[in-house]
Structures are given as C-alpha cells and as structure tokens.
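Report on the following structure.
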Amino acid sequence: MTDKCVDGVCELKERYDDVPPICYCFRLFRRDIEQEIKKTGKTTIPEFISAQVRAGNCRCKDVNPKGTCCLGDISKAVKEIKKEFSIDRGKGEGLCRYESPVTLEQILSEANKTGFKTTKLN
36 MTDKCVDGVC ELKERYDDVP PICYCFRLFR RDIEQEIKKT GKTTIPEFIS
86 AQVRAGNCRC KDVNPKGTCC LGDISKAVKE IKKEFSIDRG KGEGLCRYES
136 PVTLEQILSE ANKTGFKTTK LN
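Sequential numbering of the sequence shown, starting at 36, is according to this note's numbering.
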C-alpha cells in the first residue's frame with residue numbers, strides 16, 4: 036500500500052480492490068473484521084481502536100473523509116458481520132432462517148454461501 040500525502044493529509048491506495056477502509060487512521064478494512072470473526076468468533080478491533088483513541092493516536096479529522104471517529108462504523112460493521120455469521124445466537128439474532136425440519140443440504144448450502152468449506156461425511 037502506498038500513501039500520497041499533501042500537507043499531512045494522506046490519500047490511501049486501498050488494499051482490497053479499491054474498497055475504502057473502515058478505519059483510515061489504522062488502515063483497517065471490513066474484511067479485517069470479517070476474517071478475525073471467521074477465525075475466532077469475535078473481534079478485538081473495536082478495543083484496539085478505543086485504546087488508540089485514549090492514547091491520542093487517532094487522526095480522524097485529518098484522514099477520515101467523514102472527519103469523524105470510525106468507532107460508530109466499526110460497531111455497526113461488527114454487529115452486521117456477527118449477524119451474517121450467526122454469532123449472536125444468545126441475543127436472538129442470527130438464528131436459523133428455516134423452519135423445522137432443516138435438511139442437511141440446506142445447512143451445507145448456507146455454510147458454503149458464507150465461505151465456510153464443508154464436506155458431507157458418509
């Protein structure tokens with residue numbers, strides 16, 4: 036990734052097919068959140084950004100086109116991603132969309148749509 040900076044304001048060359056970052060200060064993308072949630076079932080990105088904000092390390096007004104902190108966008112993205120991956124079951128979100136009974140083919144089809152690799156065992 037390269038930056039083009041003029042008077043301390045940097046224009047980022049994006050790393051994911053020209054998708055804008057969700058956090059310009061620390062070059063974090065929605066895909067970063069998705070990958071962490073896929074791998075671990077949770078994300079530490081909101082806590083990381085909060086810690087950086089408390090430490091005075093954010094530059095939102097200078098680098099975010101909105102001119103505001105990204106934490107609201109990060110929180111919204113985390114909720115959307117968790118719902119997509121059905122992580123918030125205990126809160127009544129992301130529950131199975133099929134009525135009982137659910138076939139194995141329906142489960143495998145949904146899993147494959149989200150990018151999870153599945154194998155049907157005999």
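All C-beta atoms, glycine included, are put in the ideal place defined by N, C-alpha and C.
Predicted model only: the values in this text are computed from it and were never measured.
Range of the contiguous alpha helix (DSSP H) that encloses residue i
i: Ala-86; result: 80-89
i: Gly-102; result: Note, Gly-102: premise wrong, no alpha helix (DSSP H); not H, not E.
i: Asn-147; result: 139-148
i: Val-54; result: Here Val-54 belongs to no alpha helix (DSSP H), and DSSP marks it neither H nor E.
i: Gly-76; result: From DSSP, Gly-76 is part of no alpha helix (DSSP H); its letter is neither H nor E.
i: Leu-106; result: 106-119
Closest residue to residue i among the options (Cα-Cα distance)
i: Val-88; options: Leu-139, Lys-74 and Thr-103; result: Thr-103
i: Val-54; options: Thr-79, Cys-60 and Arg-65; result: Arg-65
i: Val-98; options: Ala-146, Pro-56 and Ile-142; result: Pro-56
i: Glu-115; options: Glu-69, Tyr-59 and Pro-81; result: Glu-69
i: Gly-76; options: Lys-117, Cys-93 and Ser-110; result: Lys-117
i: Gly-107; options: Asn-92, Ile-80, Ala-90 and Gly-91; result: Ile-80
Distance between residue j and residue i (C-alpha atoms, nearest Å)
i: Arg-62; j: Ser-144; result: 33 Å
i: Asn-147; j: Glu-82; result: 30 Å
i: Ser-85; j: Tyr-59; result: 14 Å
i: Asp-123; j: Ile-72; result: Legend: pLDDT at Asp-123 = 48, less than 50; position of this residue unreliable, no value from coordinates given.
i: Lys-96; j: Glu-119; result: 31 Å
i: Gln-141; j: Val-113; result: 26 Å
i: Asp-67; j: Gly-91; result: 23 Å
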